[in-house]
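Visitor: Submitted below is the structure of interest, expressed as structure tokens.
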Amino acid sequence: MLRFENEDLKRIKEGNTEPLKKAFNDCFKICLTKLTKNGNCSREDAEDVLMDSFLVLRDKIIDGSFANDNVTAYLLTIAKNRYRNKIKKDRRLVNYDPAIWEAIITNENQSSPDGINEKRIKLILNGLKIIKDPCRTLLYKNLVDGWPLKNLVEELNYSNYDVIKTSKARCMKKLKAIINNFQENG
Amino acid sequence: MDKEILIQKFLHGTISEEEQLVLAKSVENDLDLKERLEIESVFYAQRNLALKDELKSETTALKTDSSTKYILRALLLLGILAILISTGLYLFNQKSKEENTPELLVAEYLSRPFEAPPTPLGEKDKKEDLWEDAMTAYASKDFPTAINSILKIENRIEIQELYLGLSFLFNENQDLSNSLKSFNKVFTNPNGEFKDVAQWYIALNLLKQGKEKEAEFHLTQIVENDSWQNIRARKLLEAQ
Chain A
63 MLRFENEDLK RIKEGNTEPL KKAFNDCFKI CLTKLTKNGN CSREDAEDVL
113 MDSFLVLRDK IIDGSFANDN VTAYLLTIAK NRYRNKIKKD RRLVNYDPAI
163 WEAIITNENQ SSPDGINEKR IKLILNGLKI IKDPCRTLLY KNLVDGWPLK
213 NLVEELNYSN YDVIKTSKAR CMKKLKAIIN NFQENG
Chain B
768 MDKEILIQKF LHGTISEEEQ LVLAKSVEND LDLKERLEIE SVFYAQRNLA
818 LKDELKSETT ALKTDSSTKY ILRALLLLGI LAILISTGLY LFNQKSKEEN
868 TPELLVAEYL SRPFEAPPTP LGEKDKKEDL WEDAMTAYAS KDFPTAINSI
918 LKIENRIEIQ ELYLGLSFLF NENQDLSNSL KSFNKVFTNP NGEFKDVAQW
968 YIALNLLKQG KEKEAEFHLT QIVENDSWQN IRARKLLEAQ
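This is the structure we're talking about:
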């Protein structure tokens, strides 16, 4: 049964991807076989959802909610869940699927279904560079590093979760204003 | 329901169908949430691409590794197969060589006596009686009787000398020396009818005596002249 050492969990939280890559090498093939067994999932889809499962795994390790009892079983559960969601995605949420943005960033898809293209992504990413602290630190840690708000309460000296949540909502409004300003001024 | 958590679940793909419905409905009616979801989704995508790239390179390494393993496995199997075939061929050649030693070949060629001639018909004199007795004995492999009868014949003709030699050769108490003398008489006859037969048995006789060089001379002649038993003579030469 594949488990992470405590040292590995610590390294992942610090942004080191080596333990994840090792886990990937150890269980990718077996997960792929199980997902494609009986033709339930194509190999391509299985590879996609497995990759996504590793992203979720990383986030769960970062936010401390990963139980670390069986990595392979956990990845398979996430992968199956993601595959189910992939084929049952609510059409109203399709435009917000990170996969669409990933495709645009990697030039696999030149525009999202509602016409938002690479330029829009650049505006959003650049907006974070313009915004000032404390919003910059909060959003950077939350959106770029992937730390969940509840884990940032103490680190960023917020009194509780509700306070940091409200702060984030305010910061997001500021960010949107910057992005829209960029957009309007070309 | 906490929109923050709902968004995280949506991005992670761990959102339930009910939660998805709630989020979709909220996005439809809340422009602020719509824009926020878009921004969060872009950052999530950007953040994931780096790790995905790293994992994809691992996939390539895994595939390359698998291909290399497959190739190595195939080469290993081919190697084993080649070794097995080589060993098989070697053993087969060894066995063939063992089976084709001159001694074994000579023993095989001498395992069946040369055919007895047809019995002469009509009236016979004493000389012919002896010859008939000899050949009757020869046909029934009673070589001592055949030898005795032939030796009693005076002024033996070529064929009688040949069968005398054969009887000495095929007799249980083989007499190679006398056999060779008889065959040589037949072979040295310039107009001999049985020169070919005599030469073949001279060669076998010499091999039985361990005189390979002399035997080789006769075997080579048999092969070169395309004489009787030339194929067997070639085999004997190859086996030497």
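One line per chain: the protein sequences are A and B, in this order.
Heads up, the first sequence stops at 248 in the working numbering, and the numbers go up one at a time, no gaps.
Heads up, the second sequence stops at 1007 in the working numbering, and the numbers go up one at a time, no gaps.
Where a beta carbon is used, it is the ideal one built from N, C-alpha and C, also for glycine.
(1) Helix, strand or coil, according to DSSP, for A:Asp196 in the structure here?
(2) Please work out which residues of its chain come closer than 6 Å, Cβ to Cβ, to B:Lys968, disregarding the five sequence neighbours upstream and downstream, and give them in chain order.
(3) For the alpha helix (DSSP H) that A:Met234 lies in, which residues bound it at each end?
(4) Taking all protein chains shown into account, decide if A:Ser115 is buried (16 or more other Cβ within 10 angstroms of its Cβ) or exposed.
(5) Listed from N- to C-terminal order along the chain, which residues in the segment 72 to 101 of chain A have their beta-carbon within a distance smaller than 8 Å of any beta-carbon of chain B?
(6) Rounding to the nearest angstrom, what Cα-Cα distance links A:Lys203 and A:Leu190 in this structure?
(7) Counting beta carbon pairs with one atom in the segment 783 to 794 of chain B and one in the segment 227 to 239 of chain A, are three or more of them shorter than 8 Å?
(8) Across the segment 930 to 941 of chain B and the segment 955 to 974 of chain B, are there enough close Cβ pairs to call them in contact, namely three or more that are closer than 8 Å?
(9) Give me, in chain order, the residues of the same chain whose beta-carbon lies closer than 8 Å to that of B:Met902; leave out the 5 immediate sequence neighbours on both sides.
(10) Return the residue from the list A:Arg232, A:Leu214, A:Leu211 that minimises the CA-CA distance to A:Lys194.
(11) Give me the Cα-Cα distance between A:Ser127 and B:Phe810, rounded to the nearest whole angstrom.
(12) Closest to B:Leu947 by CA distance: which of B:Ile924, B:Ile920, B:Asn958, B:Lys978 is it?
(13) Quick one: is B:Ser808 near chain A, going by C-beta distance under 9 Å?
(14) Taking 9 Å as the cut-off, decide whether the C-beta atoms of A:Leu117 and B:His779 are in contact.
(15) Cβ of A:Arg196 less than 9 Å from any chain B Cβ?
(16) Using a threshold of 9 Å, state whether the C-beta atoms of A:Glu109 and A:Leu119 are closer than that.
(17) Got a sec, what are the start and stop residues for the alpha helix (DSSP H) B:Lys978 sits in?
(18) Over what stretch of residues does the alpha helix (DSSP H) that includes B:Pro869 continue unbroken?
(19) Note down, in chain order, each residue of its chain lying with its Cβ closer than 8 Å to the Cβ of B:Val964, except the 5 sequence neighbours on either side.
(20) Between which two residues does the alpha helix (DSSP H) containing B:Lys919 stretch?
(21) Would A:Val111 and A:Ala141 be called neighbours here (beta carbons separated by less than 9 Å)?
(22) Indicate the three-state DSSP secondary structure (helix, strand or coil) for B:Met902 in the structure shown.
(23) Buried or exposed: B:Gln775, going by 16 or more other Cβ atoms within 10 Å of its Cβ?
(24) According to the Cβ coordinates, are B:Phe984 and B:Glu925 closer than 9 Å?
(25) Output the boundary residues of the alpha helix (DSSP H) element that contains A:Thr95.
(26) Starting from B:Ile782, find everything on chain A with Cβ-Cβ shorter than 7 Å and list it in chain order.
(27) Could you check if B:Ile806 belongs to the surroundings of the ligand GDP, using beta carbon to heavy atom distance under 8 Å?
(28) Thinking C-beta only, is B:Ile806 closer than 9 Å to A:Ile241?
(29) Below 9 Å between beta carbons: does that hold for B:Ser793 and B:Lys823?
(30) Within 9 Å (strictly less), CB to CB, does B:Tyr857 reach chain A?
(31) If you measure from the beta carbon of A:Tyr136 to each beta carbon in chain B, is any gap under 9 Å?
(32) Over what stretch of residues does the alpha helix (DSSP H) that includes A:Ile123 continue unbroken?
(33) Report yes if the C-beta distance between A:Ser229 and A:Cys197 is below 9 Å; otherwise report no.
(34) Looking at A:Ile123: is its Cβ nearer than 9 Å to the Cβ of B:Ala812?
(35) Can you find the residues in the same chain that come closer than 7 Å, C-beta to C-beta, to B:Leu804, ignoring five residues on each side of it along the sequence?
Guide: In brief:
(1) Note on residue identity: the sequence assigns Pro, not Asp, to residue 196 of chain A. In the structure shown, A:Pro196 sits in coil (DSSP, three-state: anything other than H, G, I, E or B).
(2) Note on identity: in this sequence residue 968 of chain B is Tyr, with Lys being the wrong assignment. Within the same chain, B:Tyr968 has close Cβ partners Phe950.
(3) 223 to 246
(4) buried
(5) Thr79, Leu82, Lys83, Phe86, Asn87, Phe90, Lys91
(6) 11 Å
(7) no
(8) yes
(9) Ala883, Pro884, Thr886, Ala913, Tyr930
(10) A:Arg232
(11) 21 Å
(12) B:Lys978
(13) yes
(14) yes
(15) Sequence inspection shows Pro at residue 196 of chain A; the Arg mentioned does not correspond to that position. No, because no Cβ of chain B sits closer than 9 Å to the Cβ of A:Pro196.
(16) no
(17) Neither: B:Lys978 is in no alpha helix (DSSP H) and is coded neither H nor E.
(18) 869 to 876
(19) Phe881, Leu929, Val953, Trp995
(20) Per DSSP, B:Lys919 belongs to no alpha helix (DSSP H) and is neither H nor E.
(21) yes
(22) helix
(23) buried
(24) no
(25) 80 to 98
(26) Asn147
(27) The ligand GDP is absent from the structure shown, which contains no ligand whatsoever.
(28) yes
(29) no
(30) no
(31) no
(32) 105 to 124
(33) yes
(34) no
(35) Ile774, Val794
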